[in-house]
Each structure stands twice: as C-alpha cells, then as structure tokens.
Amino acid sequence: MSTLWPEPPPPTADEVAARLRTERRGHVLAMRMERTDKRNAIDVAMTTALDTALTTLDDDPELRCGVLTGGPEAFSAGTDISVGPGAPTPRGGNYGVVARRRTTPLIAAVEGIAFGGGFEIALACDFVIASTTARFALPEVGLGLAANCGALFRGPRALPPSVARQMLLTGDPLPVERAHELGFVTELVEPGRAEARALELADRVAARSPVAVQATLQALDAALRDADNRGWADTDDAVARVVASEDRVEGVAAFFAKRAPEFTGR
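Under our numbering, the first residue of the sequence shown is numbered 969, with each subsequent residue one higher.
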C-alpha cells in the first residue's frame, strides 16, 4: 500500500479520535467508524484509530469480544484513494486490521456499502451480521489495482471460489441476500439493526469461558496460518505487478476525472 501514495504526516490526536468512536459495554468493545462524509474511507487517522482500538481489544483481559460497524449508509468504502491509508501497522497490517492475529473475537456489523478494503475488513472478522441495505464489492480491477488486503485468498474461503472470482474479476457488487445465502453473512436483519444484533451476539460470546473462546480462536487461526502466509506472499506479487503498470496510473486518473478508464494492458 505504501508504494502507491507518499508517506502522510502523522495524524493529530484529534483526527484519530474523530475517526472511531469506542464504547465499553461490559466485556464487549463496540467500535464505530465515523467518517460519514467519505463513506468511512480509510486514511492514516482511521488506520491509527482502528489499530489502537483492536490492540486494546486484544490486550485488555476484561474485554472478551468486539463489534466493528460504520454508519447507516456505509460500513466502509475502503482505502481513501486520494491520500492512502498510511503504512501497515506492526500488529495489524493494512488498516491496522487485516493481518492481525487476534486473540479476541471480532464481529462485523454492516449497513450500506462494504467495498474494496471495507469488504476485506469484514472478511478479516470472525463473522458478519448485515442489514438488508448492505452491499459487498471488490472494485479494484476497475482502477487498475489488485485487492491487497486479503480478498485474494480470504474471498475464495468465505465464498464459493467461482463467486469470489466473479467479484474479483468484474468488480460487480454481491447482493447481501446472496451473501447470506452463501454463508458469508451469518445473519440478515432489518435496516438499522445490524449493530444491535451484533452486540447481542457479542454478549453471548463474552458470557462463555474466555479461556475456551481464546483457545478456540487461536486454534482456528493456526489451522489457516500456512494458507494465509502463502496468500499474503501471492498478494504482494500481484500488487507489485499492478503498481508498476500503466493501467494503474490510468485507472486512478480516470477515477478522479470521473470518466471511464482506457486500459492498454501495459
């Protein structure tokens, strides 16, 4: 990610605080992304806020489950293309989220769009509650980019491989009803109910044995670790190829010019 944008200046404490609202609810940490004017697009301040909150979730023994949500219009539109998301964090990777080896469960509550990196954040969570307003997409190829936050290997694991390929190669959205039918969305709720239902489930997780829950989560992570390591390496290769291409330059330029790109395949 850092090769696509210049290194941004460190965010101020006020910028970080404005990006993510956190609330402790007993043993549950509720986190809401709050950048509604940009559809919760991720810049360096959002990355810092997410990394800090998820580190707290893992390191505080009083916290037993987390819920991550956005506003009613957007979970997250992914990377803020105009400025970039900042460098990967040491514990969390891109966005402070997608490469994190968590010891505490995390539930995504999705209303509205979860596009690009927003979908990849949801893929990095343990399960997803979504309202009927939710939509999922991986539009990177339309910008001359490749999905670099886990979708190249988590997508075919969370969805049938053919469905993941269609999303990745066309950039077309996946309707939430189809995502629920295929099992990526574990529960489908009415608009405005995703966060409340996710919090109910988080309370159920938090009421279970913390030792048993953490041991189970770590065993699941260990079972997937070799595949993930290979997936990150293959993703790095794909990203290096698109970063060096003329198509990437054209795709991003067309995005900002609000015109159709003219890709040359170079």
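A virtual CB, placed ideally from N, CA and C, is assigned to each residue, including glycine.
Which listed residue (the options) has its alpha carbon closest to that of residue i
i, options, result
"THR1023", "THR990, GLY1039, ASP1005, THR1037", "THR990"
"ALA1126", "ASP1205, LEU1185, GLY1060, GLU1149", "GLU1149"
"ASP1215", "PHE1224, VAL1207, GLY1233", "GLY1233"
"GLU1168", "ALA1077, ASP1011, ASP1026", "ALA1077"
"GLU1108", "PRO978, GLY1219, ASP1027, PHE1224", "GLY1219"
"PRO1040", "THR1016, PRO1159, ILE1075", "PRO1159"
"LEU1074", "MET1001, VAL1035, ALA1206, ALA1191", "VAL1035"
"GLY967", "VAL1157, PRO1128, CYS1033, ILE1081", "Residue 967 is absent from the model: the chain starts at 969 and stops at 1234."
"GLY1038", "THR1016, ASP1005, ARG1122", "ASP1005"
"LEU988", "ALA1105, ASN1008, CYS1117, ARG1059", "ASN1008"
"ARG1059", "THR1016, PRO1029, SER1050", "THR1016"
"ALA1201", "GLY994, ASP1094, MET1014, ASN1116", "ASN1116"
"TRP973", "ALA1102, PRO1056, ALA1042", "PRO1056"
"LEU1111", "SER1050, PHE1121, VAL1157", "SER1050"
"HIS995", "LEU1025, MET1014, GLU983, PRO979", "LEU1025"
"PHE1224", "ARG1003, ASP1048, MET999", "ASP1048"
"LEU997", "ALA1021, ALA1092, ALA1013", "ALA1021"
"ARG1165", "SER1099, VAL1131, PRO1143, LEU1188", "SER1099"
"ALA985", "PRO977, ARG1133, ARG1003, GLU975", "ARG1003"
Continuous alpha helix (DSSP H) stretch holding residue i: start and end
i, result
"ARG1122", "1119-1126"
"THR1203", "1178-1211"
"GLY1219", "1214-1225"
"THR1024", "1012-1027"
"ARG1146", "1144-1149"
"ALA1174", "1162-1174"
Outcome for residue i when other beta-carbon atoms lying within 10 angstroms are tallied against a minimum of 16
i, result
"GLY1052", "buried"
"ALA981", "exposed"
"GLU1163", "buried"
"VAL1217", "exposed"
"GLY1011", "Note that residue 1011 is Asp in the sequence shown here, rather than Gly. Answer is buried; the Cβ neighbour count reaches 16."
"LYS1226", "exposed"
"SER1044", "buried"
"ARG1176", "exposed"
"ASN1197", "exposed"
"ASP1205", "exposed"
"VAL1179", "exposed"
"GLU1030", "exposed"
"MET969", "Residue placement at MET969 is poorly supported in this model, since its pLDDT is 38, which falls under 50; the coordinates are not used for a value here."
For residue j and residue i, believed in contact at Cβ under 8 Å, the rounded distance
i, j, result
"ARG1096", "VAL1181", "Reading off the sequence shown, one finds Val at residue 1096, where the question assumed Arg. About 18 Å separates the two Cβ atoms, so there is no contact after all."
"GLY963", "ASP1027", "Nothing about residue 963 can be reported from this structure: the residues present for the chain run from 969 to 1234 only."
"VAL1066", "GLY1139", "At roughly 19 Å, the Cβ-Cβ gap does not stay under 8 Å, so VAL1066 and GLY1139 are not in contact."
"GLU957", "ALA1102", "An answer regarding residue 957 cannot be provided, because it is not within the stretch 969 to 1234 covered by the chain."
"ARG1070", "LEU1185", "7 Å"
"VAL1210", "LEU1113", "6 Å"
Unbroken beta strand (DSSP E) run spanning residue i, endpoints
i, result
"GLU991", "988-993"
"CYS1034", "The amino acid at residue 1034 is misidentified as Cys; the sequence shows Gly. Element bounds for GLY1034: 1033-1037."
"ALA998", "996-1001"
"GLU1158", "No beta strand (DSSP E) contains GLU1158, which DSSP labels as neither H nor E."
_alpha helix (DSSP H) runs wholly inside the stretch 1045-1129, at least 4 long, in chain order_ = List check, alpha helix (DSSP H) in window: 1085-1092, 1119-1126.
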